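Here the sequence shown stands for residues -18 to -1, 1 to 112, where the numbers follow mature numbering (1 follows the signal peptide of the UniProt record, and there is no 0).
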Amino acid sequence: HCFIFRSGFLSNVFCGSALLDMYAKCGSMRDATRAFHEMPNRNIVSWNAMITAYAQNGDVEGTIEVFDQMVSMGLRPDSVSVLNVLTACSHRGLVEEGMRYFNNMTELYLMEPRREHYVTMVDILCRSGR
């Protein structure tokens, strides 16, 4: 981390996102969050890395909070962003929230759901007994 920071590579969103991803995969969300906030430039790649980090570490609230923060900053989510939120909702059994984010794909974000989005929605509904 220090080498990446001192050498200026943290300003490269791909290097910063890779560092964030490494910390998240090691279960160190505190360090992943710090790396994210130290990144001078963030784009959909870095935001998705942070959303994925929370989702993979089982923090549904963090996943949704970062997703909503990204949207409020004017960035349009992509299919990866939404898929991670749906996956987090599925693992927590948040049916209504999952349906809302799924419906927002076409209504707000103007994107067509892919097979993986439908599969995750089926998973959400099956886990809830619907």
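A virtual CB, placed ideally from N, CA and C, is assigned to each residue, including glycine.
Treat the numbers as computed from the prediction; the structure is a model and nothing was measured.
Could you tell me which of the options sits nearest to residue i, measuring between CA atoms?
i, options, result
"L92", "D60, R109, Y5", "D60"
"I33", "V104, N23, S(-2)", "S(-2)"
"V64", "E78, T102, M55", "T102"
"G9", "P22, V(-6), A37", "A37"
"R74", "Q51, C108, L90, N85", "C108"
"I46", "G111, A14, Y83, N23", "Y83"
"V53", "N25, V42, C71, G40", "N25"
"V27", "M87, M11, L1", "L1"
"I106", "M55, E20, A70, V(-6)", "A70"
"V(-6)", "A31, R58, P95, D13", "A31"
"F49", "N86, V77, R97, N23", "N86"
"R58", "R12, E43, W29, E98", "W29"
DSSP state of residue i, grouped into three classes?
i, result
"N25", "coil"
"E43", "helix"
"R58", "coil"
"R12", "helix"
Terminal residues of the continuous alpha helix (DSSP H) containing residue i?
i, result
"L68", "61 to 74"
"C108", "97 to 109"
"G80", "77 to 89"
"E94", "Here E94 belongs to no alpha helix (DSSP H), and DSSP marks it neither H nor E."
"C(-4)", "-6 to 7"
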